[in-house]
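Only one structure is covered here, and it is reproduced in the block below.
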């Protein structure tokens with residue numbers, strides 16, 4: 044259930060709720076854990092580990108039914124908060140239960156194996172999220188999302204990464220446009236300066252056709268050196 048927040052929920056938020064900022068919705072679970080861990084732990088301490096874990100799993104499961112029953116942004120945020128409460132209720136007692144089962148010299152090994160269900164869950168979530176999204180939402184999870192998940196990413200990374208890449212492409216296009224405008228401006232200024240230099244630096248002739256000297260070039264115009272083949 045935890046991994047579906049990153050596999051299936053991005054498409055639900057984008058295609059059903061039509062809310063473009065999934066990164067905001069994604070942080071609700073983290074904020075819920077921060078806010079509700081201490082109250083949920085205080086409640087779970089009064090229960091036996093099995094009952095606390097069962098209650099946590101029940102709350103987490105109910106959150107998805109709430110999300111599917113009321114397809115609104117407010118209900119989705121509330122459902123994620125319920126999921127966070129369930130996670131905060133279940134997780135501490137679960138790890139305490141595993142530590143109590145372990146022999147004193149193998150507590151670290153048992154605690155490492157306690158994360159094995161999360162590792163297995165990421166593969167199961169990846170295999171089920173695509174068909175669920177295609178059937179209930181109508182969005183086909185393409186090769187791009189599957190490739191991203193295969194490289195250790197999730198559809199959430201694909202959605203957010205695609206938007207980030209589009210933003211970078213737009214920024215690059217704007218920079219290229221500015222550079223082209225600067226190039227055209229420099230070419231226009233160079234052409235105008237060249238015409239002005241040729242006009243100002245060319246020798247004038249009097250009425251009899253003999254040269255009467257050259258006009259002083261304007262500031263910024265390079266005067267051709269004497270003997271230069273390009274001298275006007």
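Numbering (the numbering used here), first residue to last: 44 to 275.
Positions of the beta carbon are idealized from the N, C-alpha and C atoms, including for glycine.
Just so it is clear, the structure is predicted and the values come from calculations on it, not from any experiment.
Cutting at 8 Å between CB atoms, please list the residues of its own chain near residue i, excluding the five before and the five after it.
i	result
residue 193	With a pLDDT of only 43 at residue 193, under the threshold of 50, the placement of this residue in the model should not be trusted; the figure read from the coordinates follows. None.
residue 144	153
residue 157	137, 138 and 141
residue 98	87, 90, 129, 132 and 133
Between which two residues does the alpha helix (DSSP H) holding residue i run?
i	result
residue 150	150–156
residue 110	92–112
residue 174	159–175
Helix, strand or coil for residue i per DSSP?
i	result
residue 61	coil
residue 53	helix
residue 115	coil
residue 129	helix
residue 81	helix
residue 73	helix
residue 136	helix
residue 146	coil
residue 122	helix
Only counting the same chain, and skipping five residues up and downstream in sequence, which positions put a Cβ closer than 7 Å to that of residue i?
i	result
residue 136	87, 92, 95 and 96
residue 47	168 and 172
Exercise. Three or more C-beta pairs closer than 8 Å, one from the region 66–85 and one from the region 128–139: is that the case here?
Worked result: As far as the Cβ criterion goes, the region 66–85 touches the region 128–139, which means the pair count is three or higher.
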